[in-house]
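Below: the structure, in structure tokens.
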Amino acid sequence: MGMSTLIVQISAGLGLYIICLTFLALRRRFKNARFSREHGCLPPSQAPTDWTFNISRPFILSKVRKAHKFMPTQQESFHRNGNTFAFSIAGKRLIMTCEPENMKAILATQFKDFELGKLRHDNWGEVLGDGIFTVDGHQWEHSRAMLKPQFNKNQITDLEDLETHVQNLFSRLSLAENGGSVLNLHEYFLNFTLDFSTAFLFGKSVGSQLCQGQTSKFAQDLDYAQKVISFRVSLENFWWLYRPKKFTKAVADVQAFIGESVQQALDKQKSEKGKTSEKYVFLEALARETQDPVVLRDQMMNILVAGRDTTAGFLSWIVYSLARNPRVWDILRREILTDFGRDTPTYQQLKDAKYLKWVLNEVLRLYPLVPTNFRYANKNTTLPLGGGPDGLSPIFVEKGERCVYSVYSAHRRKDIYGEDADIFRPERWGEGKPRGWEFLPFNGGPRICLGRKCSLLYLCLALRGGGGVLHNPCTSCMIDHTPRSVRSILPSSLRFFRVTEGC
């Protein structure tokens, strides 16, 4: 009798639970349908679902990413399903878009409706802490307000310290060239940007270019930590299952290095109170805004990773593009020699160099620094395009849904850039189109990249007299004009989700 009563009670409780869940689901669906009607929304096209309900999709994408085909595969999805479509994994919907108007809504006009989300904060936060690239809301506003003044034009145009690191770079390239082997320039650029970034940020360089063919321990730890974090992105909510012991130690060592630099800056500020250093050091300037060592460590970590990775990737893609297009290389070199001679160009001269600007824009168009990105809706909202058979109606986005936007695919749309959208042709930038949100190399809206001007300045690497790539008549012996010699550069911008997904 007692057992029968227990079974009845359990069955009644379970039945009541199911009824409650059904009621809540129907109530949510009714509210969402009413919201959609009020805003004139129509459903987007739906990508097919396989027999696993697309549960296997993250693992498939992980393999695609390892094969360095992630972005082309994503572009093929847009060709099949339209510029905006819905995609479900185990019944959970996400929105894919390469529509400039939708990207504008996500990043600017409806900025407050979207956020980076807890998943990104928790995963990347193990390395970056509560820095500008991992936080939302008031925390982000505070970080942005604190960091923005440090990217003052007068600070980022100080090129004196660049000279030493440029010379170190070309010394290493000369040694490698004498060996007669094909060079992976991206590795050299990573060490170069790490050295200059640490010198600019901390007042001292880690000297990764001086390690006689090896990479400094700091660079090795930083690279490994980022690779683990990037792999865990594909694990979605189960990212926490992958935490190798080596990763824990690498993160601890990197944070210890930065923590030591932070403490030195704080100690220096106390001992030299009221004095201003002749040389600008980013960390010391930031320490005048806050004395919290954890805040300083987290923000410095964020800026270091962003400044190093994106700039090295940018330089790699520039060389890759020029090596495959000797006609463009020759035109650009002539412009540089005519306008600048062999002197170091000023910031304004770089800005005024027309063909150089076209080349940079074309590189950023075909190989954007952050090729794909996403935001989570923090409330029920809409996107302006993608609904209905013609894709011209708004679409409903439910709170918690992820919206993935592909800058890579948007930059290669033939209806925007013409039938030759996949071709490297800098002259298109002299034709007066496109403009605005059709070209998004540094994100947009309130979280537009703070260090975007720095990218141009690093191009002094390619303009230095007496050794710069473009000034050196013997460049052809260093970089072959065939794709094979620079092939190893390719995966750098496509392999992982970058941390610089919006500052």
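The sequence shown lines up with residues 737 to 1239 when you count with this note's numbering.
Backbone N, C-alpha and C fix where the C-beta goes; we use that ideal spot for every residue, glycine too.
Being a predicted model, the structure only gives us computed values, none of them experimental.
Check, Outcome
"Do you know offhand how far Lys1115's Cα is from Leu971's?", "25 angstroms"
"Using C-beta distances below 6 angstroms, list every residue in its chain close to Ala783, excluding the 5 sequence neighbours before and after it, in chain order.", "Asn817, Phe821, Phe823"
"In three-state DSSP terms, what is Glu1134?", "coil"
"For the stretch 1132-1147 against the stretch 1105-1122, do three or more pairs of beta-carbon atoms, one drawn from each stretch, fall closer than 8 angstroms, so that the two count as touching?", "yes"
"Pick helix, strand or coil for Ile743, following the three-state DSSP scheme.", "helix"
"Just to confirm before moving on: does the CB-CB distance between Ser792 and Leu921 stay below 8 angstroms?", "no"
"If you compare alpha carbons, which of Ala1113, Ser772, His1147 is closest to Lys1135?", "Ala1113"
"With a CB to CB cut of under 6 angstroms and the five nearest residues on each side skipped, what residues in its chain are close to Pro1177?", "Leu1100, Pro1104"
"From this set, Leu898, Ala844, Leu909, Leu926, which residue's C-alpha is nearest Leu919's C-alpha?", "Leu909"
"In this structure, does DSSP put Thr1211 in helix, strand or coil?", "In this predicted model, Thr1211 has a pLDDT of only 43, less than 50, meaning its place in the structure is not dependable enough to derive any value."
"By Cβ distance below 8 angstroms, which residues in the same chain neighbour Gly943 in space, the five residues on each side in sequence not counted?", "Asp931, Ser952"
"To the nearest angstrom, report how far apart Ser1228 and Ala881 are at their CA atoms.", "A caution first: Ser1228 carries a pLDDT of 36, below 50, which makes its placement in the model unreliable, though a value can still be read off. Looking at the two C-alpha atoms, the distance is approximately 31 angstroms."
"Can you check which of these residues, Trp1165, Leu1128, Leu1119, is closest to Ala844 by C-alpha distance?", "Leu1119"
"State the DSSP-derived secondary structure class of Gly867, mapped to helix, strand or coil.", "coil"
"Under three-state DSSP, which class holds Ala1042?", "helix"
"Could you check how far apart the C-beta atoms of Ala961 and Val863 are, in whole angstroms? I think they sit under 8 angstroms.", "5 angstroms"
"So within the stretch 1060-1092, which uninterrupted alpha helix (DSSP H) runs reach at least 4 residues, ignoring any that extend past its ends?", "1062-1076, 1083-1088"
"When the Cα of Arg1033 is compared with those of Arg1161, Leu1019, Ala1042, Asp1045, which residue comes out closest?", "Leu1019"
"Given this structure, state the Cα-to-Cα distance separating Gly853 from Gly873, to the nearest angstrom.", "10 angstroms"
"Exposed or buried, Val1235, counting other C-beta atoms within 10 Å across all chains shown (16 or more means buried)?", "With a pLDDT of only 45 at Val1235, under the threshold of 50, the placement of this residue in the model should not be trusted; the figure read from the coordinates follows. It is buried - the Cβ of Val1235 has at least 16 other Cβ atoms within 10 Å."
"Quick check on the burial criterion: 16 or more other C-beta atoms within 10 angstroms. Buried or exposed for Phe850?", "buried"
"Between Trp860 and Ile755, how many whole angstroms is the CB-CB distance? I'm expecting something under 8 angstroms.", "With a Cβ gap of about 40 angstroms, Trp860 and Ile755 do not count as contacting."
"Kindly list the residues whose CB is nearer than 8 angstroms to the CB of Thr741, restricted to its own chain and excluding five residues on each side of it in sequence; keep chain order.", "none"
"For the pair the stretch 833-842 and the stretch 990-1006, tell me if three or more CB-CB distances fall below 8 angstroms.", "no"
"For the ligand NAP, is there a heavy atom less than 7 angstroms away from the beta-carbon of Gly1187?", "Judged by which ligands are present, the structure shown has none, so any question about the ligand NAP falls away."
"Of all the beta strand (DSSP E) runs that stay within the bounds of the stretch 817-875, which reach a length of 3 or more residues?", "820-825, 828-833"
"Any idea if Leu1102 is buried or exposed, counting beta-carbon neighbours within 10 angstroms, 16 or more meaning buried?", "buried"
"If you measure between the beta carbons of Phe925 and Gln945, is that distance less than 8 angstroms?", "no"
"Evaluate the contact criterion for the stretch 1083-1102 versus the stretch 1154-1164: three or more CB pairs, one atom per stretch, below 8 angstroms.", "yes"
"Check the C-beta distance from Phe887 over to Leu1186 and give it rounded, since I have them as a contact under 8 angstroms.", "5 angstroms"
"Could you please give the first and the last residue of the uninterrupted beta strand (DSSP E) stretch that includes Leu1119?", "1117-1123"
"Compute the distance between the beta-carbons of Ile868 and Leu883, then report whether it is under 8 angstroms.", "yes"
"Given a cut-off of 8 angstroms, decide if Leu1040 and Thr1117 are closer than it, judged by their beta-carbon atoms.", "no"
"Please identify the residue among Val969, Trp787, Met1037 whose C-alpha is closest to the C-alpha of Gly995.", "Met1037"
"If you run the structure through DSSP and keep just helix, strand and coil, what is Ala1113?", "strand"
"In the DSSP output, which residue or residues are listed as bridge partners for Pro1177?", "Asn1179"
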